[in-house]
């Protein structure tokens, strides 16, 4: 899976053949088919693994007895914090959904929606508790949070001028400032 | 170009052949080659057209004698405002850069960087004038602004519950709240 992710990032899913994957690993096609029924199945596995892990970790955050803004901050850190480790798989996940079979794409889209709706529910509970501005549109702000975090996978170079942890803090601050009421 | 954009959005650049494009138009390959030297050249044209138009329109905004926050708001509106018209071309632009020839990709990356750096300079001038919080990192905030706006191309359905103009206003408000100093 790791080798295929590297190839998909580099050449794209369509332009990568099973032959390319096994060549890069120095194994035979038989070993590929021992693990995966098809290139399709491999792509689905990559998508599942990525979103399932995020959902599990998000659930742990949601279960905590904490203010909405701490939960939101923890979700931002979850998304940005392990970009180093998760960068390549996320890259495939963000770009190749349209190459999944329709039934598989449906499954993944439903899980993505669930992740987003859970951000929305944190926003809503923060609006209700007065932590966040009452005029916010929680659905659109949930998309904005995902925009800030997911877009960073497009440009951020781990090991550059900023550590991922620093980026996560900058963005937590930016997002929270954008949604808390102006101080009296 | 429009027909090819529709096919690239649907099937991806790699999986779309010149034959697919001319078939969809009901013309011969000769007509394709009359306009473009290759599929590569067509893809470059799509990228150039998209970023060049944005740069021209951004320049008009920058030339105005207006506070930094009005300029930033105008740039957010520029990016979100004509998603209806620009959605498909933007979709190709965001996704297929890696399929450009290296020299072409370099040209496009330089123009993208210019667009982003000009957002950064608006942020910087707003920080200097006291309109924006002085502890902001203008480079990272410029990326965050692009995250919020560009990500909306991934999910926003024009003609849905919200008009593009309303989305632009929501996001202008969110971003400005995130960067102006807390009111005294």
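Chains as they are written, first to last, in the UniProt record's numbering: chain L, 1 to 184; chain A, 1 to 184.
Ideal Cβ positions, reconstructed from N, Cα and C, are used throughout, including at glycine.
All values derive from a computational prediction rather than experimental measurement.
In the displayed model, residue 159 of chain L falls within coil according to three-state DSSP, outside both helix and strand.
Check the Cα spacing between residue 116 of chain A and each of A:182, A:17, A:76 and A:162: the tightest is with A:76. With a contact defined as Cβ atoms closer than 8 Å, residue 90 of chain L and residue 50 of chain L qualify at about 7 Å.
Closer than 8 Å to the CB of residue 56 of chain A there is not a single CB belonging to chain L. A distance below 8 Å separates the beta carbons of residue 18 of chain L and residue 39 of chain L. Chain-ordered, the chain A residues with CB closer than 9 Å to the CB of residue 177 of chain L read 133, 177, 178, 179, 180 and 182. Cβ-Cβ separation between residue 178 of chain L and residue 174 of chain A: approximately 5 Å, consistent with a contact (criterion under 8 Å). Here the alpha carbons of residue 13 of chain A and residue 66 of chain L stand approximately 46 Å from one another. Residue 140 of chain A belongs to the set of residues whose beta carbon lies under 8 Å from a beta carbon in chain L. Contact annotation: residue 46 of chain A and residue 92 of chain A have beta-carbon atoms nearer than 8 Å. For the region 96 to 162 of chain L, the full-length alpha helix (DSSP H) segments reaching 4 residues or more read 102 to 128 and 138 to 155 along the chain.
If you keep only unbroken alpha helix (DSSP H) runs of at least 4 residues inside the UniProt DNA-binding region "H-T-H motif" (17 to 36) of chain L, you get 18 to 25 and 29 to 35. Contact between residue 172 of chain L and residue 73 of chain L holds, since their C-beta atoms are separated by about 5 Å, short of 8 Å. Scanning chain L for C-beta atoms nearer than 7 Å to the C-beta of residue 36 of chain A yields nothing, as the closest lies near 20 Å away.
In this structure, residue 98 of chain L lies away from residue 78 of chain L, with their beta-carbon atoms at least 8 Å apart. Those residues of the region 63 to 96 of chain L placed with their C-beta closer than 7 Å to a C-beta in chain A are 95, ordered along the chain. Annotation: Cβ neighbours of residue 146 of chain A in chain L (cutoff 7 Å, chain order): 151. Excluding residues up to 5 positions away in sequence, 123 lie with their Cβ nearer than 6 Å to the Cβ of residue 141 of chain L in the same chain.
When rounded, the separation of the alpha-carbon atoms in residue 59 of chain L and residue 125 of chain L is 16 Å. Not one beta carbon of chain A lies nearer than 8 Å to the beta carbon of residue 17 of chain L.
Residue 138 of chain A counts as buried, since at least 16 other C-beta atoms from the protein chains shown sit within 10 angstroms of its C-beta. Listed along chain L, no residue sits closer than 9 Å to residue 109 of chain A by beta-carbon distance, the nearest being about 10 Å off. Chain-ordered listing is empty here: chain A has no CB closer than 7 Å to the CB of residue 130 of chain L, the nearest sitting near 16 Å. The residue among L:35, L:3 and L:31 with its C-alpha nearest the C-alpha of residue 24 of chain L is L:3. The residue among A:147, A:22, A:54 and A:16 with its C-alpha nearest the C-alpha of residue 108 of chain A is A:54. At a cut-off of 8 Å, the C-beta of residue 31 of chain A has no neighbouring C-beta in chain L. With fewer than 16 other beta carbons inside 10 angstroms of its own, residue 135 of chain A counts as exposed. Below the 8 Å Cβ cutoff, chain L contributes no neighbours of residue 104 of chain A, its closest Cβ being approximately 16 Å away. At a beta-carbon threshold of 8 Å, the residues of chain A lying near residue 171 of chain L are 140 and 144, ordered along the chain. By alpha-carbon distance to residue 164 of chain L, the top candidate from L:10, L:64 and L:85 is L:85. Between residue 41 of chain A and the set A:152, A:100 and A:62, the nearest pair of CA atoms involves A:100. For residue 168 of chain L, the number of other beta carbons within 10 angstroms of its own is at least 16, and it is reported as buried. Around residue 14 of chain L, the beta-carbon contacts reaching into chain A at under 9 Å are 11, 12, 13, 14 and 15. Chain-order list of chain L residues neighbouring residue 8 of chain A: empty, with the shortest C-beta distance near 11 Å, by a criterion of under 9 Å.
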